[in-house]
Amino acid sequence: MSHTLPTPRGALTPNRPLADLTWLRVGGPADWLFQPADEADLADFLAALDPAVPVFPMGVGSNLIVRDGGIRGVVIRVGRGFNTIEIAGETVIAGAAALDAHVARKAAEAGRDLTFLRTIPGGIGGAVRMNAGCYGSYVADHLVSVRVVARDGSIHDLPADALNLAYRHADLPEGWVVTRATFRAASGEPAELAAKMDDQLARRDASQPTRDRSAGSTFRNPAGFSSTGRADDSHELKAWSLIDAAGLRGHRLGGAQMSEKHPNFLLNAEGATAAELESLGELVRDRVRESSGHELQWEVIRVGEP
Numbered sequence: 001m002s003h004t005l006p007t008p009r010g011a012l013t014p015n016r017p018l019a020d021l022t023w024l025r026v027g028g029p030a031d032w033l034f035q036p037a038d039e040a041d042l043a044d045f046l047a048a049l050d051p052a053v054p055v056f057p058m059g060v061g062s063n064l065i066v067r068d069g070g071i072r073g074v075v076i077r078v079g080r081g082f083n084t085i086e087i088a089g090e091t092v093i094a095g096a097a098a099l100d101a102h103v104a105r106k107a108a109e110a111g112r113d114l115t116f117l118r119t120i121p122g123g124i125g126g127a128v129r130m131n132a133g134c135y136g137s138y139v140a141d142h143l144v145s146v147r148v149v150a151r152d153g154s155i156h157d158l159p160a161d162a163l164n165l166a167y168r169h170a171d172l173p174e175g176w177v178v179t180r181a182t183f184r185a186a187s188g189e190p191a192e193l194a195a196k197m198d199d200q201l202a203r204r205d206a207s208q209p210t211r212d213r214s215a216g217s218t219f220r221n222p223a224g225f226s227s228t229g230r231a232d233d234s235h236e237l238k239a240w241s242l243i244d245a246a247g248l249r250g251h252r253l254g255g256a257q258m259s260e261k262h263p264n265f266l267l268n269a270e271g272a273t274a275a276e277l278e279s280l281g282e283l284v285r286d287r288v289r290e291s292s293g294h295e296l297q298w299e300v301i302r303v304g305e306p
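Heads up, the sequence shown is in UniProt numbering, so the first residue is 1 and it goes up one at a time.
Here's what the structure looks like:
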């Protein structure tokens, strides 16, 4: 990149490979990786950054395929300055880098029920962007507000309604970075909440390939969700069953594989490239379209250059 970048207090690294920052362990380099020291550092940097330079906020890389050619522009990854968890009454305020599982556990210890977050891979920033959900409960059910730094460096506190949360979706402009989220959580007995989370973990481990290298669910469930992102449990159609019916459970392409245990999990089984993972996903979409007429939509985010 020919642009001159501002000098922040946090770490700014040129040509930084991203594979080790994603759960699938694939992907080429970012032109620049910026790890801001804190919210003010992030705001100052974005305010001074040429508006022509693209910005991609990256969470903990749990739901992401970075293509082999890497990402042009600046990848922003919030870390230590953004992982606080504060609990006051029924309010839980979590930094964007706080892991969903940690937030669920901390809240439960304080007698607050955000147990649905316990089995969701990733951090709070990503959970907000994707309106993450599990066991019939979604971010939309609990979110009060989010704090964001806009692409121009301005800082905004947005009510949850402003995000138009829908199934696996939030309205956030390109280049805006979530820095923290405020949730409202019902009360519960810490021991009961802990037991509930243990049960959720056992159910997840029994049905999902949690020990394999995956990015969580690969495709969205095709239907059966209302506009708020809440599940309609009467609707049986699931992405995994369509993939299974198309004969693709365990199907391999190079080092990429659809899980034998849960066919909607795309695995880096053996040194896969991003291209192999994405190509296998597209093959699955083609076969499911042919066999059932349904159009699977990616849930895993794919970014960067081939």
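Glycine residues also receive a C-beta, built at the ideal position from the N, C-alpha and C atoms.
Backbone secondary structure at residue i - three-state DSSP
i: residue 214; result: strand
i: residue 128; result: helix
i: residue 277; result: helix
i: residue 267; result: strand
i: residue 100; result: helix
i: residue 305; result: coil
i: residue 228; result: Because the pLDDT at residue 228 is just 46, under 50, the model does not fix this residue reliably, and the point stays unresolved.
i: residue 190; result: helix
i: residue 152; result: coil
i: residue 243; result: helix
i: residue 52; result: coil
i: residue 296; result: coil
Own chain residues within Cβ distance below 6 Å of residue i, not counting five before or after
i: residue 197; result: 115, 118
i: residue 58; result: 75, 77
i: residue 222; result: 237, 294
Nearest candidate by alpha-carbon position, reference residue i, set the options
i: residue 109; options: 98, 270, 192, 19; result: 192
i: residue 17; options: 74, 23, 27; result: 27
i: residue 22; options: 9, 143, 67; result: 67
i: residue 159; options: 143, 60, 295, 186; result: 143
i: residue 174; options: 97, 46, 56; result: 56
i: residue 132; options: 9, 45, 216; result: 216
i: residue 40; options: 147, 99, 32; result: 147
i: residue 294; options: 246, 265, 123, 250; result: 246
i: residue 36; options: 79, 237, 219; result: 79
i: residue 124; options: 83, 6, 113; result: 83
Cutoff 7 Å; reference residue i; Cβ partners in own chain excluding five residues on either side
i: residue 270; result: 255
i: residue 304; result: 27, 28, 66, 67, 69, 70, 71
Bridge partners - residue i, DSSP secondary structure assignment
i: residue 32; result: 14, 74
i: residue 143; result: 183
i: residue 290; result: Beta-bridge pairing links residue 290 to no other residue.
i: residue 85; result: 94
Same chain, Cβ closer than 8 Å to residue i, five either side skipped, listed in chain order
i: residue 267; result: 209, 212, 213, 214, 256, 257, 258, 259
- At a cut of 8 Å, does the segment 249-261 reach the segment 206-213 through at least three beta carbon pairs? yes
- Query: Given 8 Å as the limit, is there contact between the segment 150-159 and the segment 274-286, that is, 3 or more CB pairs closer than that?
  - Reply: no
- Specify whether the segment 87-95 and the segment 157-173 touch according to this definition: at least 3 beta carbon pairs, one from each stretch, less than 8 Å apart. no
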